[in-house]
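Peer 1: Protein chains in written order, with the numbering used here: chain A, 1 to 193; chain B, 194 to 386; chain C, 387 to 579; chain D, 580 to 772.
Think of the CB as a built atom: it goes at the ideal place given N, C-alpha and C, for glycine as much as any other residue.
Number of protein chains: 4
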Amino acid sequence: MTDRREQIIIEAIKVFAAKGYYNSHIADIVDKVRIAKGTFYLYFSSKKDLFLELIRLYQQIFHCEFNLEKYYKKSSDLKGFMEEMLAERFKLHAENRALSVIILREAVAIDQDFTAEYKKMDQHRFDNLKLLYDFLVEKKYINSKNDFEYFACIFVGTLDSIIFRKLVMVEEEFNYLKAVDKVSDYLARTLAN
Amino acid sequence: MTDRREQIIIEAIKVFAAKGYYNSHIADIVDKVRIAKGTFYLYFSSKKDLFLELIRLYQQIFHCEFNLEKYYKKSSDLKGFMEEMLAERFKLHAENRALSVIILREAVAIDQDFTAEYKKMDQHRFDNLKLLYDFLVEKKYINSKNDFEYFACIFVGTLDSIIFRKLVMVEEEFNYLKAVDKVSDYLARTLAN
Amino acid sequence: MTDRREQIIIEAIKVFAAKGYYNSHIADIVDKVRIAKGTFYLYFSSKKDLFLELIRLYQQIFHCEFNLEKYYKKSSDLKGFMEEMLAERFKLHAENRALSVIILREAVAIDQDFTAEYKKMDQHRFDNLKLLYDFLVEKKYINSKNDFEYFACIFVGTLDSIIFRKLVMVEEEFNYLKAVDKVSDYLARTLAN
Amino acid sequence: MTDRREQIIIEAIKVFAAKGYYNSHIADIVDKVRIAKGTFYLYFSSKKDLFLELIRLYQQIFHCEFNLEKYYKKSSDLKGFMEEMLAERFKLHAENRALSVIILREAVAIDQDFTAEYKKMDQHRFDNLKLLYDFLVEKKYINSKNDFEYFACIFVGTLDSIIFRKLVMVEEEFNYLKAVDKVSDYLARTLAN
DNA sequence: GATGAATGAGATTTCATTCAT
DNA sequence: GATGAATGAAATCTCATTCAT
Numbered sequence: 001m002t003d004r005r006e007q008i009i010i011e012a013i014k015v016f017a018a019k020g021y022y023n024s025h026i027a028d029i030v031d032k033v034r035i036a037k038g039t040f041y042l043y044f045s046s047k048k049d050l051f052l053e054l055i056r057l058y059q060q061i062f063h064c065e066f067n068l069e070k071y072y073k074k075s076s077d078l079k080g081f082m083e084e085m086l087a088e089r090f091k092l093h094a095e096n097r098a099l100s101v102i103i104l105r106e107a108v109a110i111d112q113d114f115t116a117e118y119k120k121m122d123q124h125r126f127d128n129l130k131l132l133y134d135f136l137v138e139k140k141y142i143n144s145k146n147d148f149e150y151f152a153c154i155f156v157g158t159l160d161s162i163i164f165r166k167l168v169m170v171e172e173e174f175n176y177l178k179a180v181d182k183v184s185d186y187l188a189r190t191l192a193n
Numbered sequence: 194m195t196d197r198r199e200q201i202i203i204e205a206i207k208v209f210a211a212k213g214y215y216n217s218h219i220a221d222i223v224d225k226v227r228i229a230k231g232t233f234y235l236y237f238s239s240k241k242d243l244f245l246e247l248i249r250l251y252q253q254i255f256h257c258e259f260n261l262e263k264y265y266k267k268s269s270d271l272k273g274f275m276e277e278m279l280a281e282r283f284k285l286h287a288e289n290r291a292l293s294v295i296i297l298r299e300a301v302a303i304d305q306d307f308t309a310e311y312k313k314m315d316q317h318r319f320d321n322l323k324l325l326y327d328f329l330v331e332k333k334y335i336n337s338k339n340d341f342e343y344f345a346c347i348f349v350g351t352l353d354s355i356i357f358r359k360l361v362m363v364e365e366e367f368n369y370l371k372a373v374d375k376v377s378d379y380l381a382r383t384l385a386n
Numbered sequence: 387m388t389d390r391r392e393q394i395i396i397e398a399i400k401v402f403a404a405k406g407y408y409n410s411h412i413a414d415i416v417d418k419v420r421i422a423k424g425t426f427y428l429y430f431s432s433k434k435d436l437f438l439e440l441i442r443l444y445q446q447i448f449h450c451e452f453n454l455e456k457y458y459k460k461s462s463d464l465k466g467f468m469e470e471m472l473a474e475r476f477k478l479h480a481e482n483r484a485l486s487v488i489i490l491r492e493a494v495a496i497d498q499d500f501t502a503e504y505k506k507m508d509q510h511r512f513d514n515l516k517l518l519y520d521f522l523v524e525k526k527y528i529n530s531k532n533d534f535e536y537f538a539c540i541f542v543g544t545l546d547s548i549i550f551r552k553l554v555m556v557e558e559e560f561n562y563l564k565a566v567d568k569v570s571d572y573l574a575r576t577l578a579n
Numbered sequence: 580m581t582d583r584r585e586q587i588i589i590e591a592i593k594v595f596a597a598k599g600y601y602n603s604h605i606a607d608i609v610d611k612v613r614i615a616k617g618t619f620y621l622y623f624s625s626k627k628d629l630f631l632e633l634i635r636l637y638q639q640i641f642h643c644e645f646n647l648e649k650y651y652k653k654s655s656d657l658k659g660f661m662e663e664m665l666a667e668r669f670k671l672h673a674e675n676r677a678l679s680v681i682i683l684r685e686a687v688a689i690d691q692d693f694t695a696e697y698k699k700m701d702q703h704r705f706d707n708l709k710l711l712y713d714f715l716v717e718k719k720y721i722n723s724k725n726d727f728e729y730f731a732c733i734f735v736g737t738l739d740s741i742i743f744r745k746l747v748m749v750e751e752e753f754n755y756l757k758a759v760d761k762v763s764d765y766l767a768r769t770l771a772n
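#1: Counting pairs of beta carbons, one from the stretch 630-640 of chain D and one from the stretch 678-685 of chain D, are three or more of them closer than 8 Å?
#2: The stretch 702-729 of chain D: which residues have C-beta closer than 9 Å to a C-beta of chain C, in chain order?
#3: Using a Cβ-Cβ cut-off of 6 Å (strictly less than) and excluding sequence neighbours within five positions of Met-278 of chain B, which residues of its own chain qualify?
#4: Are the stretch 227-237 of chain B and the stretch 309-317 of chain B touching by the rule of at least three beta carbon pairs closer than 8 Å?
#5: If you draw a straight line from the alpha carbon of Tyr-536 of chain C to that of Leu-770 of chain D, how long is it in whole angstroms?
#6: Let's test the definition: count the other Cβ atoms within 10 Å of the Cβ of Lys-359 of chain B and tell me whether it reaches 16, buried, or not, exposed.
#7: Less than 8 Å separating the beta-carbons of Val-518 of chain C and Phe-448 of chain C?
#8: Can you pull the chain A residues whose beta carbon is under 7 Å from the beta carbon of Asn-346 of chain B, in chain order?
#9: State the Cα-Cα distance for the pair Ala-375 of chain B and Leu-159 of chain A, rounded to the nearest angstrom.
#10: Please state the DSSP three-state secondary structure of Met-580 of chain D.
#11: Quick one: which chain B residues come within Cβ less than 9 Å of Lys-182 of chain A?
#12: Looking at chain D, which residues of the stretch 400-432 of chain C have a Cβ within less than 9 Å of any of its Cβ atoms?
#13: Could you work out which residues of chain B lie near Lys-119 of chain A, taking near to mean beta carbons separated by less than 8 Å?
#14: Say whether chain B places a C-beta atom closer than 8 Å to the C-beta of Arg-189 of chain A.
#15: Please decide whether Tyr-765 of chain D counts as near chain C, where near means a Cβ-Cβ distance under 8 Å.
#16: Work out the CA separation of Val-612 of chain D and Glu-773 of chain D for me, nearest whole Å.
#17: Using the C-alpha atoms, what's the distance from Ile-395 of chain C back to Asp-389 of chain C?
#18: Can you tell me whether Asn-561 of chain C is buried or exposed, with buried defined as 16 or more other CB within 10 angstroms of its CB?
#19: Excluding sequence positions up to five away, which residues of its chain have a Cβ less than 6 Å from the Cβ of Phe-357 of chain B?
#20: Using a Cβ-Cβ cut-off of 8 Å, state whether Asp-463 of chain C counts as contacting chain D.
#21: List the endpoints of the continuous alpha helix (DSSP H) containing Glu-288 of chain B.
#22: On the DSSP letters alone, give me the boundaries of the alpha helix (DSSP H) that Asn-708 of chain D sits inside.
#23: Determine, using beta carbons only, whether Glu-481 of chain C and Gly-406 of chain C come nearer to each other than 8 Å.
#24: Output, in chain order, the set of chain D residues within a Cβ distance shorter than 9 Å of Asp-497 of chain C.
#25: For Val-556 of chain C, does the count of other Cβ atoms within 10 angstroms reach 16, so buried, or fall short, so exposed?
#26: CB-CB under 6 Å to Ile-222 of chain B, same chain, minus the five flanking residues each way: which ones, in chain order?
#27: By a C-beta neighbour count over all protein chains shown, 10 Å radius and 16 as the cutoff for buried, is Asn-529 of chain C buried or exposed?
#28: Would you mind giving the Cβ-Cβ distance between Leu-438 of chain C and Asp-499 of chain C, rounded to the nearest angstrom? I have them listed as a contact below 8 Å.
#29: Taking C-alpha atoms, which residue in B:His-286, B:Tyr-215, B:Lys-240 and B:Glu-199 lies nearest to Leu-370 of chain B?
#30: In whole angstroms, what separates the C-alpha of Tyr-527 of chain C from that of Glu-455 of chain C?
#31: Who are the near neighbours of His-25 of chain A in its chain, counting only those whose CB is closer than 6 Å to its CB and skipping five residues on each side?
#32: At a cut-off of 7 Å, would you count Gln-393 of chain C as near the ligand MN, judging by its Cβ distance to the nearest heavy atom?
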């Protein structure tokens, strides 16, 4: 059996995704885990603490370092590189839909502490993107005249927009194969000069 | 003197932007407007009603029809067109920073009714983008082989990402002139082929 | 045109009957009379004052002195006497249904001041009943060995019970002719020995 | 110690009887029970819910099936039967004075939901009275030519009138022995032919 | 006399958190 | 470690009444 703490996180993700942070109550979560209210507080110091944990979990899953060499080996051009990368990322979002919904929808809002954690995560994300950017420049996939900041905004903006629309705004399953093709095409064209 | 309802909206935008929806209380708003609690309820039926009003206000300001012919006349190519358009939009966001912050940060979250209103607004936005898309195709600024949905996602994704980062994530003033130049350049290159 | 004060009373009776005292608001009443809120307070000092007025109005209509001689002339025995009397009373209730509903349903409840007013009215009612009792004894319609208090309780209890059930508990119109026959029969038999 | 829910009911009856439903506040009740406000809501979902509970409690106590055989065995005629029955009922009211006051005074008023519950109770009461009526006919204590509806109205009207006057209208203790004698006498005479 | 925008005391209800068992 | 009854601060909202116009 998975441990208590993990069980709580699993159910909390479902509850938060379904009802939003403020409309989700500790009572909802402990009911689903089948533990008493007091038990929750043995593992988390507060509802806020739990949510911050989810932001950190999201960061671990989605903003760990890119496997740049792997994508490079499997591809022969920028579009191919993008395809590898996006396929991996979109798959991850599809597999962690509820968590993605929570973070994309609410992490930056609600509470100053969440905003702060979100900013930390965003900074981390940009650090990773810088590695990507430098890698692509080094491999001559993109031109170094591209301003990094705007490269990054286009990249995350387009991705987040797609993901947000496919996961948060609609109910149906996210068929990411078509998205991989389209988005990699656009991004390659945009960045490749 | 502006009318009561408008006064309440003005202060509510400030309060919500500073503290978030759930951490803002009717008491905070009425204190700032210097009216009694009951007076608030003469103009809005609930806190939720007020927030929905702000979503609608945002839509009115930001998702009214594009002035396509004006941008076209003032420009000679796609980049020029984009510059005109983005300058107007970024200016609007800079001038309505607090409202932008609220909507970009929280409108989709919090409550099912807000999500529903947000979706209506998003649909409206895409309808306007379709007009833009058709206009650009007609004027031969972009190739009709571009898939509209992905055109739209790139467009709104990039814009929202810039705006979100410049308004929500940092405190400093939004110097939109540089952003206009960079983003129009990227979008023109991306969409121009 | 009837005067303002009377108009307010007329509409207030309808509103109180439909929604009960506490769920009826001054706003409901003034809306129906088509006057402003402030105007209400030119004619009544408070919502309570208005309700007390209705209790007094009820008393005027229903607990004025019995027309004993008239009933006596028109009848030849106790049952006939009762018939005359009940017909008049039931007719009055049918004609003032909403007011009856309010008083029978709520006058004794809600507020200490109402209870006090109700008790005054009840005392007045019993004073009248004493006149009736003495009259019936004098005319040898009833035996003076009847204890007045219990005579009164049976009389008002039976009447109020019928009226309550016919006016408050059911929606349909009060066909009082049958009630007159049945109740006069019972009362005559009960009291006649 | 009695359980919490019961404690709340006991104190609520006192508070409602003393001040009326609308002038009684949750704060008054929880203060008397010496619990926190939140605790109240662990046992009742709302103030209304509590009051409905009291109506149901009254029904359980006062409108459970009559012990007809017992009264019959103990008595030799209709008056004797009535005495047994009334003694038991009046005693019950004397012992549950506050609850009786609340229900007789307010249950039918105040709120549509209370009225609905009251009507259900009244129906139940009449069902029981029908059993009484049939029993009395069967035992030849009363003549079957008596119309049941009016039999019932006389019966409940007289009883309620006495009880209302002895419990609600006056402060002094209800000496029900005299009432038993007088009322049984009247009822027996009324119904016995 | 008439108006109706404004008032504000005060009610019900919520729910994260605690702590004795 | 686990429990869950109890807490109570704090929020939203109501509505009779006032008073400047």
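Peer 2: Well, looking at it:
#1: Contact between the stretch 630-640 of chain D and the stretch 678-685 of chain D is present, because at least three Cβ pairs lie under 8 Å.
#2: Taking 9 Å as the upper bound on Cβ-Cβ separation, chain C lies near residues Asn-725, Asp-726, Glu-728 and Tyr-729 of the stretch 702-729 of chain D.
#3: For Met-278 of chain B, where only same-chain residues beyond five positions count, the Cβ hits under 6 Å are Tyr-264.
#4: Because the criterion of three Cβ pairs below 8 Å is not met, the stretch 227-237 of chain B and the stretch 309-317 of chain B do not touch.
#5: Our two residues, Tyr-536 of chain C and Leu-770 of chain D, have alpha carbons roughly 16 Å apart in a direct line.
#6: In the assembly as shown, Lys-359 of chain B is a buried residue. Its beta-carbon has 16 or more other beta-carbons within 10 Å.
#7: The sequence as given places Leu at residue 518 of chain C; Val does not occur at that position. For the pair Leu-518 of chain C and Phe-448 of chain C, the CB atoms are not nearer than the 8 Å cut-off.
#8: The sequence as given places Cys at residue 346 of chain B; Asn does not occur at that position. Neighbours of Cys-346 of chain B on chain A, chain order: Thr-158, Ser-161, Ile-162 and Arg-165.
#9: The displayed chain sequence assigns Lys, not Ala, to residue 375 of chain B. So the two alpha carbons sit approximately 19 Å from each other.
#10: Below a pLDDT of 50, predicted positions are generally treated as unreliable, and Met-580 of chain D, at 46, falls in that range; the measurement from the model is reported next regardless. Coil at Met-580 of chain D, not helix or strand.
#11: For Lys-182 of chain A, the residues of chain B that pass the 9 Å Cβ criterion are Asp-340, Glu-342, Tyr-343 and Cys-346, in the order they occur in the chain.
#12: Taking 9 Å as the upper bound on Cβ-Cβ separation, chain D lies near residues Lys-405, Gly-406, Tyr-407, Tyr-408 and Asn-409 of the stretch 400-432 of chain C.
#13: Under the 8 Å cutoff, chain B gives Met-362.
#14: Yes, its Cβ sits closer than 8 Å to a Cβ of chain B.
#15: Contact of Tyr-765 of chain D with chain C is assigned, a C-beta pair being separated by under 8 Å.
#16: Outside the shown range of chain D (580 to 772) lies residue 773 of chain D, about which nothing can therefore be said.
#17: So the two alpha carbons sit approximately 10 Å from each other.
#18: Asn-561 of chain C is exposed by the Cβ-count criterion.
#19: Excluding positions up to five away in sequence, the list reads Leu-297.
#20: It does not: the Cβ of Asp-463 of chain C has no partner Cβ on chain D nearer than 8 Å.
#21: Taken as a continuous stretch (DSSP letters only), the alpha helix (DSSP H) holding Glu-288 of chain B covers 271-288.
#22: Looking at the sequence provided, one finds Leu at residue 708 of chain D rather than Asn. It spans 691-717 - the alpha helix (DSSP H) in which Leu-708 of chain D sits, taken as one unbroken run.
#23: Glu-481 of chain C places its beta carbon 8 Å or farther from that of Gly-406 of chain C.
#24: In chain order: Gly-599, Tyr-601 and Asn-602.
#25: Its Cβ having fewer than 16 others within 10 Å, Val-556 of chain C is exposed.
#26: Only residues of its own chain outside the window of five on either side were considered, and among them Glu-204, Ala-205 and Val-208 have a CB closer than 6 Å to the CB of Ile-222 of chain B, listed in chain order.
#27: Exposed is the label assigned to Asn-529 of chain C, since fewer than 16 other Cβ atoms lie within 10 Å of its Cβ.
#28: 7 Å between Cβ atoms; contact.
#29: The shortest C-alpha separation from Leu-370 of chain B is found at B:His-286.
#30: Roughly 13 Å separates the two Cα atoms.
#31: Excluding residues within five positions, none has a Cβ falling inside 6 Å.
#32: Annotation note on the ligand MN: not contained in the displayed structure, which lists no ligands.
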